[in-house]
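All remarks here apply to the structure that follows.
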Amino acid sequence: MKITKAAVAGTLESSDAQVRIQPFDSLDIEINSSVAKQFGEQIEATVRAVLTKLNITAAQVIVEDKGALDCVLQARVKAAALRASDETVNWEAVL
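Below, the structure is given as structure tokens:
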């Protein structure tokens with residue numbers, strides 16, 4: 425999947441995450457989290473897993489995490505990526 429425009433998903437409310445994604449020449453992931461010391465590696469692993477599943481290899485992804493559960497983080501990354509792409513979605517791969 426190719427990222428063609430900037431997109432955002434999520435909020436900055438407690439227990440949520442806001443994910444911003446935009447075109448970039450390589451894969452760049454920035455994580456800002458109130459629980460980064462405890463869960464920063466897991467948050468990054470989750471983001472990378474979703475991007476890999478969607479075949480995204482070039483994008484800038486900025487995650488503002490406010491203590492979101494893993495399933496919420498996955499949903500936010502998927503939503504932002506789908507909004508930022510012009511490609512037809514293969515829903516079996518996404519779900």
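In terms of the numbering used here, the sequence shown is residues 425 to 519. Think of the CB as a built atom: it goes at the ideal place given N, C-alpha and C, for glycine as much as any other residue.
Provide the residue span of the alpha helix (DSSP H) that contains residue i, from first to last.
i    : result
D510 : Careful: D510 lies outside any alpha helix (DSSP H) and carries neither H nor E.
V459 : V459 -> no alpha helix (DSSP H), and no H or E assigned at all.
Could you check which residue in the options has the C-alpha nearest to that of residue i?
i    : options                : result
V432 : I453, R472, L475, V501 : V501
A492 : I455, N479, A505, L506 : I455
A483 : E465, V496, I445       : I445
S439 : I486, V471, L497       : L497
G485 : T435, T428, V443, E437 : With the sequence shown as reference, residue 485 is identified as Val, and Gly is not the correct amino acid for it. The residue with the shortest Cα to Cα distance from V485 is V443.
K477 : D510, A499, Q462, V459 : A499
D449 : A505, T428, Q466       : T428
In terms of DSSP beta bridges, what is residue i paired with?
i    : result
Q484 : Q446, D452
Kindly indicate the opening and closing residues of the beta strand (DSSP E) around residue i.
i    : result
A430 : Run containing A430: none; DSSP gives neither H nor E here.
Pull up the CB-CB distance for residue i and residue j, whole angstroms please, since I reckon it's below 8 Å.
i    : j    : result
D489 : A441 : 5 Å
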